[in-house]
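Undergrad:
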Amino acid sequence: MSGFPWAGYAGRYLRVNLTTGEIQKLPLPVRWAEEFLGGNGIGTKILWDEVPAGANPLGPENKLILSAGPLCGGPMPNAGRLEVIGKSPLTGLYGDSNAGGHFASEMKFAGYDLIVLEERAPEPVYLLIKDETVELRPASHIWGCGVFESERTLQAENHDLQIKTAVIGPAGENLVRFASIQVTFRRSAARTGLGAVMGAKNLKAIAVRGTGGIPLADPERLQQLAYRLHMRIRKNEFFNGCHQFGTPGLVALMHPMGRFPTRNFQYGSFEGFEDLSGESLREQHLVRDISCYSCPVGCDKIYAVTGGEFRGTMSSSVEYETLNALGACVCNRNLPSVLKGNELCDDLGLDTISAGRAVAFAMELNERGILASEQRDGLDLSWGNYRTLLDLLQRISRREGFLGDLLAEGASRAARLLGRGSDHFAMHVKGLDIPGQDGRAQQSMGLAHVTSSRGADHLKAFPVIDETGYPSEASRRYGAQFLPELVDPLATKHKAMLVKDGEDFGAVVDSSGNCKSGGTFVMAEVYWEEQAQSLSATTGIPIDGEKLKLIGERIYNLQRCYNALHGITRADDVLPWRFTKSPSPSGNARGSVCRLHEMLPEYYALRGWDPETGLPQKETLARLGLDGAAERLAEAFESGLAQALRAQLGWVAPSADPPREQQ
Amino acid sequence: MISVHVRYFGILAGYTGKKHETLRLPKDMSGHQLMLRLASTYGEPFRGTVLNGEGLSDHLRIFRNEQSLHGEGLRAPLEDEDHIMLFPAVAGG
């Protein structure tokens, strides 16, 4: 027994010094669990406490944290998510990513709530965890291998097909700034480039096998609650669509909404949308439905291409975002090539969103004559050229040629390196490429992109209520007093509240270990109160919805504070000109721009952040129990360190104004 | 009479057995009336997905010529060569 006072936790964590090879099994600090829950929250706390603002994300001083929540490995729906936290090589700021699959629960079964990876191994290694046996092993034989081959090798040499892995591909090894960490089975912790942090540490993989159990505070109550919530999810209006089509089921709806970024966000609708739709995927390529740990939804699928140019392609976790990034955003309507691209990204270890955006950026520069002929490496960068797309994915992962090396930096850094007005076409916020969610067509999403703690992102706030606009859902979650504006995607009223609530709830979900795409955000069968009941029955910690809201706020504010140490202020809470000054030409959003100025002041007020600087106020931080944070921020700005670090982040800020020829 | 093109998405296409069709409709038919007619044509489970009693389901999204059709707009008469898109409950990202 670990002696940890609360159930639901393994009560221990691993701290691995990759330089010395020292592996410590340490008791989980009780305050971490009580104040930050687990997963994302504890990872944020460690980053804040242990990784100084001046740390190079690719240097030994950065730390990589793989963290499970207290619900992971238990019976609650969707309770198998893994959080990965570190300083992002892409943004230079707070970074995190989240993956489904079976790694997080296996780590708990092995007896560890999280792993903190420090320093840098002198030679390529992998970390093997088999319950009490934890050791670093040589990995030179799989260094350079793709993710799939690496997984197979690790299973074979450990004589265990059930071993769960977190692996980087060549992209992570080559320090591509948007490299992913691939998690069993073919799930991706992809955003913010934390795979490059693993690569910089010479850590090829973590392989884990656990045969233990997890103590539960009130097993009988928990079983009843889990059963009730599983059944409610299965009966939910959204269930059938989510189960049959997964997130690709959104593709068709986003077309008339004008929210499906096309041609590097020049448009919000794609004429080839039906070729890329969830319906086409299921009809033409489905092999079988699969699911993550303890998930009743099963939104994941295995798809195959059985004929034509891409015959033999086998792909899974093909998400809405990938269909946008490797499809519409580069004007590619060839679905088999998108599946091939997804398979390549999973094997090479690339974030499909940032990879697709980098290629779209290059294609637009080519269209506008910004790329010189010798900078194209002989490639035909015409829109829709899927062979070039697939070629570039390979080149980026190896940093091959001028273009492969340039785009491996990500569009926002490439724009700084390239100059010549290319910054107008790097679609990002705080260095992170904007996902397939056009903020002109959904005002809350525009706000969410700028307030997300990891840079442009839909998943921090995940404002699904006005994405789809169902009044009964909105009433159930927030009350009828916010209707009708709350469900109108083009209205700005109440959207600050929606985004703040989503960010706080999202921080709690990511810290508990369950999934945002399952019963929480989309179906809201597991919302604040149900989440509190789940955590209480699992851990025994007395907790209610109000206390959870405080924890969510605490986590989110600490992430904002970490970014502020790097000089991030209100001045960085901006969108590219295409969102704010170029009216959407598409669908229901035609004529609309994102009216950020109507939402941001209200958001700061709700947050208790300074309206001028956008920094959390001293009273806010004190209320959240973040002792010392205000003083640390003040010192960073008064000393000039924060401003100096801001100047060194490496990406060029998104251009607020259109290029001269469009003014 | 007018011609209206209707496209079904997600589980609705499974319920109707078709992805799209062109209907000949009376000149003054509204979007709301079109939905009642489709519910009558296709029966369950289509009906239960698009209707809530005699009203339209809160979880149905309708687009007319790529513009969201809701509220009072559902009472307006459709026009010849209108394109209607019907989506069941879907959300996420």
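Chains as they are written, first to last, in my numbering: chain A, 1 to 663; chain B, 1001 to 1093. Glycine included, every Cβ here is placed at the ideal spot set by N, Cα and C.
Would you report the Cα separation of His285 of chain A and Thr451 of chain A, rounded to the nearest angstrom?
TA: His285 of chain A and Thr451 of chain A: Cα-Cα distance of roughly 37 Å.
Undergrad: For Leu649 of chain A and Gly92 of chain A, which I take to be in contact (beta-carbon distance under 8 Å), what is that distance rounded to the nearest angstrom?
TA: With a Cβ gap of about 4 Å, Leu649 of chain A and Gly92 of chain A count as contacting.
Undergrad: Can you name the residues that DSSP bridges to Ile206 of chain A?
TA: According to DSSP, Ile206 of chain A bridges with A:Leu127, A:Ala166.
Undergrad: Is there at least one Cβ from chain A nearer than 8 Å to Val1004 of chain B's Cβ?
TA: No, Val1004 of chain B lies away from the interface with chain A (no Cβ there is under 8 Å from its Cβ).
Undergrad: Below 9 Å on C-beta distance, what does His1059 of chain B contact in chain A?
TA: By Cβ distance, chain A contributes Glu237, Phe238, Thr468, Tyr470, Ser472, Glu473.
Undergrad: Roughly how many angstroms lie between the CA atoms of Leu127 of chain A and Ala139 of chain A, to the nearest whole one?
TA: Cα-Cα distance, rounded: 9 Å.
Undergrad: Check the Cβ of Thr165 of chain A against every Cβ in chain B and list those closer than 8 Å, keeping chain order.
TA: Per Cβ cutoff of 8 Å: no residues; Thr165 of chain A is ~27 Å from chain B at best.
Undergrad: Using three-state DSSP, classify Glu83 of chain A as helix, strand or coil.
TA: If DSSP states are grouped into helix, strand and coil, Glu83 of chain A belongs with the strands.
Undergrad: Drop a sphere of 10 angstroms on the beta-carbon of Pro1026 of chain B, count the other beta-carbons inside from all chains shown, and report buried for 16 or more, exposed for fewer.
TA: Exposed, since its Cβ has fewer than 16 Cβ neighbours within 10 Å.
Undergrad: So, helix, strand or coil for Met1085 of chain B, using DSSP?
TA: Here Met1085 of chain B sits in strand by DSSP.
Undergrad: Mapping DSSP to helix, strand and coil, what is Arg243 of chain A?
TA: It should be pointed out that residue 243 of chain A corresponds to His in this sequence rather than to Arg. His243 of chain A falls in the helix class under three-state DSSP.
Undergrad: Here's the rule I'm using: 16 or more other beta-carbon atoms within 10 Å means buried, otherwise exposed. How should Ala448 of chain A be labelled?
TA: With 16 or more Cβ atoms within 10 Å of its Cβ, Ala448 of chain A is classed as buried.
Undergrad: For Asp405 of chain A versus Ser180 of chain A, is the C-beta spacing smaller than 8 Å?
TA: No. Outside cutoff.
Undergrad: Is there a Cβ of chain A sitting closer than 8 Å to that of Ser1030 of chain B, yes or no?
TA: For Ser1030 of chain B, the answer is no, since every Cβ of chain A falls outside 8 Å of its Cβ.
Undergrad: So, do the segment 253-267 of chain A and the segment 328-339 of chain A have three or more beta carbon pairs nearer to each other than 8 Å?
TA: Touching, yes.
Undergrad: Starting from Phe1046 of chain B, find everything on chain A with Cβ-Cβ shorter than 8 Å and list it in chain order.
TA: Going along chain A, no residue has its Cβ under 8 Å from Phe1046 of chain B, so there is no contact; the nearest lies around 13 Å.
Undergrad: Count the other C-beta atoms from every protein chain shown that fall within 10 angstroms of the C-beta of Thr1041 of chain B, then say buried if there are 16 or more, exposed otherwise.
TA: When all chains shown are included, Thr1041 of chain B counts as exposed.
Undergrad: For Thr262 of chain A, does the three-state DSSP call read helix, strand or coil?
TA: Here Thr262 of chain A sits in strand by DSSP.
Undergrad: Could you check if Arg191 of chain A is buried or exposed, using at least 16 other CB atoms within 10 Å of its CB as the buried criterion?
TA: Buried, since its Cβ has 16 or more Cβ neighbours within 10 Å.
Undergrad: Could I get the ranges of all uninterrupted beta strand (DSSP E) runs contained in the segment 137-167 of chain A, with 3 residues as the minimum, in chain order?
TA: Correct list: 164-167.
Undergrad: Pair every Cβ in the segment 192-201 of chain A with every Cβ in the segment 152-162 of chain A, then say whether three or more of these pairs are closer than 8 Å.
TA: Verdict: no, contact absent.
Undergrad: List, in order along the chain, the chain B residues whose C-beta lies closer than 7 Å to that of Val522 of chain A?
TA: The contacting residues are Ala1091, Gly1092.
Undergrad: Would a C-beta distance cut-off of 8 Å place Leu633 of chain A and Ala564 of chain A closer than the cut-off?
TA: Cβ distance < 8 Å, so Leu633 of chain A and Ala564 of chain A count as in contact.
Undergrad: Checking contacts by CB at 8 Å: is Ala1013 of chain B closer than that to chain A?
TA: So yes, Ala1013 of chain B belongs to the interface.
Undergrad: Going by beta carbon distance, what residues of the same chain come within less than 7 Å of Glu83 of chain A, once the five residues before and after it are set aside?
TA: Within the same chain, Glu83 of chain A has close Cβ partners Gly39, Asn40, Gly43, Ser67, Asp96, Asn98, Asp510.
Undergrad: Chain A beta carbons: is any one of them nearer than 8 Å to that of Gly1055 of chain B?
TA: Not closer than 8 Å to any Cβ of chain A, the Cβ of Gly1055 of chain B fails to qualify, so no.
Undergrad: Three-state secondary structure (DSSP) at Leu1036 of chain B?
TA: Here Leu1036 of chain B sits in helix by DSSP.
Undergrad: When you check each C-beta in the segment 250-262 of chain A against every C-beta of chain B, which residues fall closer than 7 Å?
TA: Result list: Leu250, Ala252, Leu253, Pro256.
Undergrad: Give me the chain B residues within the contact set of Gln437 of chain A, using Cβ-Cβ distance strictly less than 7 Å, ordered along the chain.
TA: Chain B residues near Gln437 of chain A: Gly1093.
Undergrad: Run through chain A and tell me which residues come within less than 9 Å of Met1085 of chain B, C-beta to C-beta.
TA: Result: Ala252, Leu253, His255, Pro256.
Undergrad: Would you please verify whether the beta carbon of Gln244 of chain A is less than 8 Å from any beta carbon of chain B?
TA: Chain B, which has a Cβ nearer than 8 Å to the Cβ of Gln244 of chain A, makes this yes.
Undergrad: With which residues is Ala99 of chain A paired in a DSSP beta bridge?
TA: Ala99 of chain A pairs with A:Leu82.
Undergrad: Locate the beta strand (DSSP E) running through His449 of chain A, then write down its first and last residues.
TA: Note, His449 of chain A: premise wrong, no beta strand (DSSP E); alpha helix (DSSP H) at 443-451.
Undergrad: Just the chain B side, please: which residues come within less than 8 Å of His458 of chain A by C-beta, in chain order?
TA: What His458 of chain A touches in chain B: Gly1093.
Undergrad: Output yes or no for whether 8 Å exceeds the beta carbon distance between Val1004 of chain B and Leu1023 of chain B.
TA: In this structure, Leu1023 of chain B lies closer than 8 Å to Val1004 of chain B by Cβ.
Undergrad: Buried or exposed for Glu546 of chain A, please, with buried defined as at least 16 other CB atoms from any protein chain shown within 10 angstroms of its CB.
TA: It is exposed - the Cβ of Glu546 of chain A has fewer than 16 other Cβ atoms within 10 Å.
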